[in-house]
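Q: Have a look at this one before I ask anything.
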Amino acid sequence: MKLLVTAGPTREPLDPVRYLTNRSSGKMGYALAHAAAHAGHRVLLVSGPTALEVPDGVDFLPVETAAQMFEAVSRHIGRMDAAIHAAAVADYRPAATAEQKIKKTGETLTLELLRNPDILGSCRDAFGFDGVLVGFAAETGNLEANARDKLRRKGCDLVVANDVSQPGIGFDSDRNRVLLVHPDHTEPLPEDDKHALAHRIVHEVEALLAAKHRA
Ligand code: PMT
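Residue numbers in the sequence shown follow my numbering, run continuously in steps of one, and reach 215 at the last position.
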């Protein structure tokens, strides 16, 4: 299959030397890209900035901001059979990016933030994607209910939910513990290395694609 994977954080610039970002290392998304390429699939990895090496045999499209990731996904998703959105996209960006370094002036500084586009949420209607669509849900409470809500709202076939309040799993860790949230059932997977989980998630995507072709 042809698979697009998003990975890593996005960086939303405030000025030439500062940005807003999050703790995503890219490990989960890169493990998915690696597992899919290893299984013989054609993979395009659209990634925010990380310190990771691009897995062998994977096509790579580096981006920095959510707007750039949105543009890259909108340009390439049309020729994909499946897409997995593991990136931790910043929901907001600074309303303005200063051309010069922002100077210290008052005791407080108020930033105005603008909502970024929802890339996963644009796949079905705005991009017209009808392949297998997999989202992630990073939650700190009500894991299954929030993930199921994302599954419905964003038109996903599967949401991989992780509790990012737990130490040792989720953001910037080699391990993760996830729920596979399907439209009609939920399957909890035991905590494991991200590479082992990635192989399992790629198998799920293969099965979902086969079921779509049969329907
Ligand atoms: O990178 P690691 O350090 O390995 O950490 C892995 C991870 C915790 C980042 C990963 O497992 C994970 O949960 N990724 C999704 C993080 C996230 O932003 O979740 P969310 O619940 O805020 O977003 C829901 C879904 O919408 C995600 O598929 C996200 O990629 C997507 N999204 C979110 C906002 C936005 N503007 N556009 C999007 O496409």
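Beta carbons: idealized from backbone N, C-alpha and C, even for Gly.
Go to G135, then tell me how far its alpha helix (DSSP H) extends in each direction, as first and last residue.
A: One-based indexing of the sequence shown puts residue 135 at position 135. Segment 132 to 139 is the beta strand (DSSP E) holding G135; no alpha helix (DSSP H) there.
Q: With a threshold of 8 Å on Cβ separation, who are the neighbours of G128 within its own chain once the five nearest residues in sequence on each side are excluded?
A: To locate residue 128, count along the sequence shown from 1; it is residue 128. Closer than 8 Å at the Cβ level, and outside the excluded window around G128, lie G78.
Q: Where K2 and G57 are concerned, what is the direct C-alpha to C-alpha distance, given to the nearest angstrom?
A: By one-based count along the sequence shown, residue 2 stands at place 2. By one-based count along the sequence shown, residue 57 stands at place 57. Each residue's Cα considered, the two are about 13 Å apart.
Q: With 16 other CB atoms within 10 Å as the buried threshold, where does A95 fall?
A: Sequence index remark: in the sequence shown, residue 95 carries index 95 (1-based). Per the 10 Å Cβ criterion, exposed.
Q: Sorted by chain position, which residues of the same chain lie with C-beta nearer than 7 Å to A39's C-beta, five sequence neighbours on each side aside?
A: In the sequence shown, residue 39 corresponds to position 39, counting from 1. Closer than 7 Å at the Cβ level, and outside the excluded window around A39, lie V202.
Q: Round the Cβ separation of A126 and A147 to the nearest angstrom and send it over; I've been treating them as touching at under 8 Å.
A: By one-based count along the sequence shown, residue 126 stands at place 126. By one-based count along the sequence shown, residue 147 stands at place 147. In fact, because the Cβ distance is near 22 Å, the residues do not count as touching under 8 Å.
Q: Secondary structure at S47, three-state DSSP: helix, strand or coil?
A: Here residue 47 refers to the residue found at position 47 of the sequence shown. In this structure, S47 counts as strand in the three-state DSSP scheme.
Q: Nearest by alpha-carbon distance to A67: which of A196, E139, T10 is it?
A: Sequence index remark: in the sequence shown, residue 67 carries index 67 (1-based). That would be T10, whose Cα lies nearest to the Cα of A67.
Q: I'd like to confirm the pairing. Which residues does DSSP put opposite R18 in its beta bridges?
A: As a first step, residue 18 is located in the sequence shown; it is residue number 18 there, counting from the start. R18 is bridged to D15.
Q: Using a Cβ-Cβ cutoff of less than 7 Å, which residues in the same chain neighbour Y92 once the five nearest sequence positions on both sides are dropped?
A: By one-based count along the sequence shown, residue 92 stands at place 92. Within the same chain, Y92 has close Cβ partners L113, L114, R115, N116.
Q: Give me the Cα-Cα distance between G131 and V43, rounded to the nearest whole angstrom.
A: What you label residue 131 is simply residue 131 of the sequence shown in a count that begins at 1. What you label residue 43 is simply residue 43 of the sequence shown in a count that begins at 1. For G131 and V43, the distance between alpha carbons rounds to 14 Å.
Q: At a cut-off of 8 Å, would you count F60 as near the ligand PMT, judging by its Cβ distance to the nearest heavy atom?
A: Along the sequence shown, read from residue 1 onward, the residue named residue 60 stands at position 60. Not so, every heavy atom of the ligand PMT lies at least 8 Å from the Cβ.
Q: Check N146 in the structure and name its three-state DSSP category.
A: Along the sequence shown, one-based indexing puts residue 146 at 146. Reduced to three states, the DSSP call for N146 is helix.
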